[in-house]
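Note sheet for the following structure.
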Amino acid sequence: MRQLLSQPFGEILLAAMAAGLLCFGLWRLTQFLIDPDRCGTDAKGWMRRGVYGLAGIFYVSFAAVAGAMLVGAAGGDTDGAVRDWTAWLLAKPAGQWLIGIIGLIVFASGIGTGISGIRAKFKEQLALSKKPRLLVTALGTIGFLTRAFVFAVIGVFLIYAAADSNAHEATGFAGALMIVKHQRYGTVLLAIVAAGLFAFGAFGIAEAAFRRIDDKSVWWGVHSWLRT
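Position 114 of the sequence shown, counted from 1, bears residue number 115 in this note's numbering, the numbering being contiguous throughout.
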């Protein structure tokens with residue numbers, strides 16, 4: 002985001018990104034609260050909706066960071082923000098337990114995201130014909146698994162921070178990518194993660210165009226060879 006802000010028309014581009022992140026976060030919160038996907042109110046349904054709710058909070062927070070950068074209230078260092086919040090919580094009664102629980106929740110969300118990617122039930126919500134749906138499903142599976150890996154890393158390091166009562170061990174999204182980069186063959190691993198995140202972005206664009214909500218495509222009345 003810092004790099005984007007330094008480009009020509011960077012403020013406009015970052016504002017658009019912040020708006021998009023906010024919309025995506027609100028959509029996830031809508032999936033949690035209103036349940037347009039009809040996950041249900043049993044334990045399994047609430048677990049799935051809970052993952053949506055956590056993702057909604059994450060993306061709304063991400064949008065807030067971008068918005069704060071626009072008004073000069075933040076430098077865009079998400080890792081620094083994570084460590085600041087971790088240090089603040091560690092200073093509170095039962096702070097270590099709270100950080101540990103948050104770390105477990107983030108880790109569990111990563112596992113849940115990975116399971117969702119493997120099961121690929123999202124393909125049933127795509128108003129696409131067979132071949133395009135296979136391609137979008139593949140992109141979604143790769144993207145979900147990549148995000149699951151990154152969230153799992155973030156969760157593990159939050160748990161480390163709680164166990165050692167050391168806020169500097171906590172990390173955010175960028176920090177998780179740096180951890181990957183510093184491993185053996187880190188450049189190759191980081192390239193694989195980048196490809197996975199790119200796949201998730203491409204899946205998101207396709208889902209935005211062809212997702213069914215209440216058995217209706219968002220492209221009301223529009224006919225396309227992709228849907229025949």
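For glycine and all other residues, C-beta sits at the position ideal for the given N, C-alpha and C.
The DSSP-derived three-state label of R39 is coil. In this structure, the beta-carbon distance from A56 to G111 does not fall below 8 Å. A residue is called buried when at least 16 other Cβ atoms come within 10 angstroms of its Cβ; Y186 does not meet this threshold and is exposed. Within its own chain, the residues whose Cβ lies closer than 7 Å to the Cβ of Q97, once the five positions on either side in sequence are excluded, are L91, A163, S166, listed in chain order. DSSP lists R212 as the bridge partner or partners of L127. Residue burial is scored here from C-beta neighbours: I143 has at least 16 other C-beta atoms within 10 angstroms and is therefore classed as buried. Between R134 and K122, the beta carbon gap of about 13 Å keeps them out of contact (Cβ cut-off 8 Å). Counting every other CB atom within 10 Å of its CB across the protein chains shown gives G73 a total below 16, marking it as exposed. Counting along the chain, the unbroken alpha helix (DSSP H) around T31 starts and ends at 11-34. Annotated three-state conformation of Y53 is helix, per DSSP. With a threshold of 16 other beta carbon atoms within 10 Å, G197 meets it and is buried.
In this structure, A20 is the residue among T42, Q32, A20 with its C-alpha nearest to the C-alpha of A69. Distance from the Cα of I193 is smallest, within the candidate group L159, G156, L146, F211, for L146. Take V83, set aside five residues on each side of it, and the residues of its chain with a beta-carbon closer than 7 Å to its own are A171, T172, G173, in chain order. For T42, the number of other beta carbons within 10 angstroms of its own is below 16, and it is reported as exposed. Across the set F204, A177, A203, G202, the C-alpha of A177 shows the shortest separation from the C-alpha of L191. The three-state secondary structure of Y60, taken from DSSP, is helix. Judged by DSSP in its simplified three-state form, G96 adopts helix.
G176: member of the alpha helix (DSSP H) spanning 174-182, first to last residue. Between the alpha carbons of T138 and V107 lies a distance of about 24 Å. Cβ atoms of L71 and A16 come within 8 Å of each other, at about 6 Å.
Under the three-state reduction of DSSP output, S117 falls in the helix class.
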